[in-house]
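Undergrad: Residue numbering for the sequence shown follows my numbering, starting at 12 and increasing by one per position. We put the beta carbon where it would ideally sit given N, CA and C, even for glycine.
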Amino acid sequence: MWRRRIGINRSRSVSLAPQQRLQHHGQGGPHHSRLGAMETYSPFSASMGQALWVIMIVAGPPLIIMLVVGLIVSMIQAATSINEQTVSFVPKLLAFILFLALYGATAGDLLIDYTRDLLTHIPDDIK
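Written out as structure tokens, the structure is:
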């Protein structure tokens with residue numbers, strides 16, 4: 012389910028032979044980068060890429076919202092010469108609580124789907 016949302020595809024097959032590089036099947040063979048090094052595919056690197064996408068999707072929006080709220084509060088503090096530290100903390104906390112109320116269930120579902128998919132593909136990735 013989460014793969015459709017972020018466009019991740021685990022359908023590549025991999026052959027593991029002793030003392031050989033990993034090779035793509037169905038993709039026209041291994042690909043070469045601009046530096047000439049052979050790029051290879053492994054289940055671990057695919058899982059790490061998926062983990063980074065999930066982290067960006069789950070953690071990115073609240074960080075951006077808190078950054079914007081912090082900048083607005085900082086400009087107000089600079090304009091009014093108020094130097095109280097709690098003045099900047101409370102609006103960011105309220106924005107984060109509001110964000111969790113609106114987006115928390117979706118982010119939780121995304122994390123659960125990713126974890127379930129990761130754990131169910133461990134036997135396939137080991138082979």
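#1: May I have the straight-line CA-CA distance separating Ile-141 from Thr-91, to the nearest angstrom?
#2: What does the Cβ neighbour count give for Leu-121, buried or exposed, with the cut at 16 atoms within 10 Å?
#3: Taking the beta carbon of Val-65 as the centre, do at least 16 other beta carbons fall within 10 Å, making it buried, or is it exposed?
#4: So which of Pro-72, Val-98, Ile-93 has the shortest CA-CA distance to Gly-81?
#5: Check this for me: beta carbons of Tyr-125 and Gln-61, under 9 Å apart or not?
#6: Tell me whether Ile-1 sits in a helix, a strand or coil according to DSSP, three-state version.
#7: Taking a contact to mean a Cβ-Cβ separation below 9 Å, would you say Met-86 touches Phe-107 in this structure?
#8: Spatial neighbours of Gly-39 within its chain, please: CB distance less than 8 Å, with the 5 preceding and 5 following residues excluded, ordered by chain position.
#9: Quick check on the DSSP output: what are the complete alpha helix (DSSP H) runs of length 4 or more inside the region 88-133, in order along the chain?
TA: In terms of the structure at hand:
#1: Since the first and last residues shown for the chain are 12 and 138, residue 141 lies out of range.
#2: Here residue 121 corresponds to residue number 110 of the sequence shown, with the count starting at 1. Under this definition Leu-121 is a buried residue.
#3: Within the sequence shown, residue 65 is the residue found at index 54, counting from 1. Buried, by the Cβ-count rule.
#4: For this step, residue 81 is matched to residue 70 along the sequence shown. Looking only at Pro-72, Val-98, Ile-93, the smallest Cα-Cα distance to Gly-81 is reached by Val-98.
#5: Counted from its first residue, the sequence shown places residue 125 at position 114. Counted from its first residue, the sequence shown places residue 61 at position 50. Yes, Cβ-Cβ distance for Tyr-125 and Gln-61 is below 9 Å.
#6: Given that the chain is displayed from residue 12 to residue 138, the structure contains no residue 1 and the question cannot be resolved.
#7: Walking along the sequence shown from the start, residue 86 turns up at place 75. Walking along the sequence shown from the start, residue 107 turns up at place 96. In this structure, Phe-107 does not lie closer than 9 Å to Met-86 by Cβ.
#8: Counting from 1 along the sequence shown, the entry for residue 39 is found at position 28. Caution applies to Gly-39, whose pLDDT of 49 falls short of 50 and renders its modelled position unreliable; the value that the coordinates give is listed next. Hits under 8 Å: none found.
#9: Runs of the alpha helix (DSSP H) inside the region 88-133: 96-131.
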